[in-house]
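What follows is a short report on a single structure.
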RNA sequence: CCGGGUGUAGCGCAGUUGGUAGCGCGCGUGGUUUGGGACCACGAUGCCGGGGGUUCAAGUCCCUCCACUCGGACCA
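In my numbering, the protein residues as written are 79 to 556.
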């Protein structure tokens with residue numbers, strides 16, 4: 079039967095990827111627009127995804143000894159200006175509060191675009207001794223950056239995130255923390271969000287404002303563009319010096335502590351959508367899906383169907399699976415389409431024939447496979463099927479990443495590969511800013527990262543021909 | 001910020017040389033249905049994005065904001 083889609087139609091991703099993305103965001107009821115540009119409403123279904131990610135990350139942070147705190151939303155201008163590189167990086171996108179009630183403020187207040195300066199100011203008051211270190215803080219909050227172009231999840235003016243901020247007695251410890259948090263992000267991406275990552279260093283050009291080193295995990299989206307999915311920064315003692323944070327070390331000497339910060343935002347939800355989604359809508363990895371299994375009764379008006387479906391739902395729920403049952407009087411077809419749109423990993427159908435045979439039908443969202451499951455085995459089989467979906471999504475994304483990563487030995491070759499295939503281009507690089515600018519200018523790509531996992535692709539820089547220092551990934555970024 | 005497109009009912013849209021608002025879907029009620037986006041009947045729904053102007057008269061023409069969207073540039 080020809081599937082005539084009448085309602086909630088979404089644009090095919092091959093036709094217009096950007097429009098497909100926007101359609102999925104709104105039709106799957108993840109977000110709605112507010113009246114303010116770049117300020118999005120996260121609807122319950124979208125927010126539930128964030129809550130699941132939040133819970134996973136928060137557990138890991140706490141496991142590793144971090145504590146949650148809450149900083150003010152407003153930053154006095156004088157505080158923001160203490161670190162030169164930092165203020166230069168963020169000034170263009172700051173929003174300011176200048177009036178309180180009817181009074182003009184003596185000093186304008188920045189609505190936080192990030193909170194390094196607030197943490198530093200606080201620490202300068204409370205850190206005195208090596209015994210006070212390390213400070214392992216994190217906060218869950220929203221920040222504001224006055225972006226020019228905005229899109230749901232990918233680029234909002236206000237967005238939710240977590241920002242971890244830590245202070246250490248030694249550089250070694252701070253560097254270890256920075257790298258460890260990057261591993262935490264990679265772990266969450268790969269093992270919970272089914273998104274394979276490339277871990278590495280940002281170049282000086284792409285570094286966070288005020289950082290000595292910035293580490294990143296880069297993911298590849300369905301359209302072969304790159305999404306920076308989490309970052310971790312090592313600051314050295316730069317901020318500490320500007321904010322006069324000192325401690326007396328074991329050797330009775332005054333020292334500046336070493337600092338890190340790291341963040342992951344709701345942008346990652348955009349990444350999930352663009353990594354796993356298809357032309358029927360959202361596809362969610364089971365581990366973060368608000369609804370893992372939806373039970374839809376078939377011919378529910380028939381004697382006993384609703385009761386049996388309800389009992390099945392209770393059984394599934396009792397097994398610890400996030401489940402939902404749809405007893406509305408919408409048609410079966412409508413329900414199927416609806417939960418596919420919303421990316422529910424597994425749909426369980428139960429109709430009169432199934433009841434007769436003592437089975438139900440489990441349908442995988444990722445590949446459409448229909449699996450007949452004996453009713454007495456659902457609590458054992460459904461978790462297996464959910465795991466299979468999780469793995470299937472990861473494998474598919476990994477294949478996309480691997481199959482669209484290329485090697486080039488010149489800018490021309492890199493440009494050709496990018497134009498023809500998209501994706502990541504690996505080259506050797508001399509480390510000069512000018513070569514980075516040339517690649518951007520001539521091939522339209524920015525450096526994504528200098529991967530930890532290095533390969534020797536040759537002896538010379540693909541851009542200038544001078545001796546190469548490292549292998550680097552290039553790509554078109556979100 | 002620059003360039004293109006758009007804004008009329010919850011959603012998708014029509015609305016002629018200016019003449020006072022329409023269609024489909026959805027929504028509500030009742031009924032018939034149900035193994036992939038069902039059907040019948042009745043019903044409700046409009047600051048025509050905001051403000052200003054031209055005109056006897058503006059959804060329609062002009063100015064100006066705002067928002068959405070697609071490209072650039074910039075940034076997570």
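Note that CB positions come from ideal geometry on N, CA and C, so glycine has one too.
All values reported here derive from a predicted model rather than from experimental measurement.
Query, Result
"Looking at the secondary structure, which residues open and close the alpha helix (DSSP H) in which residue 432 lies?", "430-435"
"Alpha carbons only, please: which of 468, 553 and 464 is nearest the one belonging to residue 497?", "553"
"In terms of DSSP beta bridges, what is residue 312 paired with?", "291 and 338"
"Are three or more beta carbon pairs between the region 342-354 and the region 370-384 nearer than 8 Å?", "no"
"Please list the terminal residues of the continuous beta strand (DSSP E) segment that includes residue 244.", "236-246"
"Could you give the distance in angstroms between the alpha-carbon of residue 291 and the alpha-carbon of residue 507?", "18 Å"
"If I measure Cβ to Cβ from residue 322 and keep anything under 7 Å in the same chain, skipping five residues before and after, which residues do I get?", "202"
"Using beta-carbon positions only, say whether residue 440 and residue 451 come within less than 9 Å of one another.", "yes"
"Using only the alpha-carbon positions, how far apart do residue 268 and residue 550 sit?", "21 Å"
"Just the Cα atoms here: how many angstroms apart are residue 455 and residue 433?", "14 Å"
"Can the beta-carbon of residue 43 be found closer than 9 Å to that of residue 232?", "What the structure shows of the chain is the stretch from 79 to 556, and residue 43 is not part of that stretch, so it cannot be assessed."
"In the DSSP assignment, find the beta strand (DSSP E) that holds residue 185 and state where it starts and stops.", "181-189"
"Taking the DSSP output, what are the residues bridged to residue 483?", "502"
"Quick one: using the 10 Å Cβ neighbour count with 16 as the cut-off for buried, is residue 223 buried or exposed?", "buried"
"Would a C-beta distance cut-off of 9 Å place residue 353 and residue 298 closer than the cut-off?", "yes"
"Once DSSP output is grouped into helix, strand and coil, what is the label at residue 530?", "coil"
"Could you give the first and the last residue of the continuous alpha helix (DSSP H) run that contains residue 221?", "Element bounds for residue 221: not the alpha helix (DSSP H) but the beta strand (DSSP E), 213-222."
"Tell me which residues share the same chain as residue 83 and place their Cβ nearer than 6 Å to its Cβ, disregarding the 5 neighbours each side in the sequence.", "Confidence at residue 83 is low in this model, with a pLDDT of 40, below 50, so the placement of that residue should be treated as unreliable; the coordinate-derived value is given next. For residue 83, where only same-chain residues beyond five positions count, there are no Cβ hits under 6 Å."
"Could you check the C-alpha separation between residue 206 and residue 332 for me, to the nearest Å?", "9 Å"
"Using 9 Å as the threshold, is the C-beta distance between residue 426 and residue 372 below it?", "yes"
"Smallest Cα separation from residue 374: which of 341, 366, 438 and 338?", "438"
"In this structure, does DSSP put residue 468 in helix, strand or coil?", "helix"
"Would you check if the distance between the CB atom of residue 196 and the CB atom of residue 153 is smaller than 9 Å?", "yes"
"List the whole-angstrom C-beta distance separating residue 429 from residue 377, where the pair is believed to meet the contact cut-off of C-beta under 8 Å.", "5 Å"
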